[in-house]
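I have placed the structure first, in the form of structure tokens, so that the comments after it can refer back to it.
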Amino acid sequence: MDAKRSTPVEMLYSETGTESLSWRTKLLTRKYLVNLSHKPNNPMHKPLVTLATTTTQWKPRSTPGLIKEFVFVKSLGISLFSQQLRLPSTYKYPPPSRPPDCKTSWFPLNKEQAMACRHRTTSLFNTLDSSAPATSIRAYTDGSKSSSPETTTCAIFIPALNKEHAWTLTKGSSIFTAEVTAIYQALKLFYDMDDCPPEAIIYSDSSSAITAISSNSLSENEAITAIREIIASLKSSGTRTRLTWIPSHTGIEGNERADRLAATECNTQDGEEVHSSLSPKEMVSIIRANWATNLLRNQKTCKKVAYR
1 MDAKRSTPVE MLYSETGTES LSWRTKLLTR KYLVNLSHKP NNPMHKPLVT LATTTTQWKP
61 RSTPGLIKEF VFVKSLGISL FSQQLRLPST YKYPPPSRPP DCKTSWFPLN KEQAMACRHR
121 TTSLFNTLDS SAPATSIRAY TDGSKSSSPE TTTCAIFIPA LNKEHAWTLT KGSSIFTAEV
181 TAIYQALKLF YDMDDCPPEA IIYSDSSSAI TAISSNSLSE NEAITAIREI IASLKSSGTR
241 TRLTWIPSHT GIEGNERADR LAATECNTQD GEEVHSSLSP KEMVSIIRAN WATNLLRNQK
301 TCKKVAYR
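FYI, in the UniProt record's numbering the residues of the sequence shown are 1 to 308.
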């Protein structure tokens, strides 16, 4: 790099786009703690729980490295090991050869095509929607996330019931969690109805949420499992479930209304709060953001430690 001997070491790391071993160790250790806390069958899970819950008073120079990082992760508001045991899900995952309990359908135009002609998109949607049985009940769902203040929300709109509702999610929740939580809330409302509709149609603009729900693979997001369970319960009570992807911001009235509800909730936070456990990815995202902020601050205030 042709750097002078007086160049601070931290600046050299910054110029090369790398981090020092100590900083990288911190990030990897915290990610290891998060991932291991969600794998109870791992042989290292029990020793880590024992180490994390011990009341031993460690001396400053003999404190295990994992304890230091565990305390730091806890200071971020992330609970790795709850004292209350997590009950296993009652959902029985079907074999891959068996089709999912819900049907999925996709709008015939992709997002780019739908945005090109909003009138064509809304006309096509109205035609497709009217082809569904009149006895089917429909719900539009959406999620939203703002950075200032950091808020994640979701909302549903059900035209037949003239019902709309918005929720604020646990701080640190991702937009993916917001989308699937909105779907869960709509299905839960259908399940709690006195009269069971023959079919429930969910219109969502999140293709990743629909794909994850209809998949048979295990998910670390607890909302996915909850949705699969309630879809199975709806099927047992005589209600079919259809998840339909529609493009966002293309003039589809139901989707636009759900989007406005979620966005308004981001600003006002007047709705009901949904308390749910963060997924490992969401925990790691919080940890990485904090780590990057501290790393940048360290580089700005670094001392003149140079190579000799």
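Heads up, the beta-carbon is just placed ideally off N, CA and C, and yes, glycines get one too.
Item, Value
"Secondary structure, alpha helix (DSSP H): runs of 4+ residues fully inside the UniProt domain \"RNase H type-1\" (133-267)", "175-191, 207-214, 222-236"
"Cα-Cα separation, Ile231 to Cys102", "7 Å"
"Inter-stretch contact (C-beta, 8 Å, three-pair minimum) for the stretch 283-303 and the stretch 243-255", "no"
"Validate contact between the stretch 276-287 and the stretch 166-183 using beta carbons, cut 8 Å, 3 pairs", "yes"
"Cut-off 8 Å between Cβ atoms - residues of its own chain near residue 313, not counting five sequence neighbours on either side", "The question about residue 313 has no answer, for the chain in this structure spans 1 to 308."
"Ala186 vs Ile210 beta-carbon contact at 7 Å", "no"
"First and last residue of the uninterrupted alpha helix (DSSP H) at Trp23", "21-37"
"Sequence-distant residues of the same chain with beta carbon closer than 6 Å to Trp106, five excluded per side", "Trp245"
"Exposure label - Glu179; buried when at least 16 CB within 10 Å", "buried"
"CB contact flag (Ala262, Asp142, <7 Å)", "yes"
"C-beta atoms of Arg257 and Phe157 nearer than 7 Å", "yes"
"Euclidean distance between Cα positions of Val34 and Leu218", "18 Å"
"N-terminal and C-terminal residue of the alpha helix (DSSP H) that Trp291 is part of", "280-300"
"Residue nearest to Thr168 in terms of C-alpha spacing, selected from Met193, Ser276, Ser22", "Ser276"
"Distance, Leu51 Cα to Pro40 Cα", "15 Å"
"Distance, Ile213 Cα to Asp270 Cα", "29 Å"
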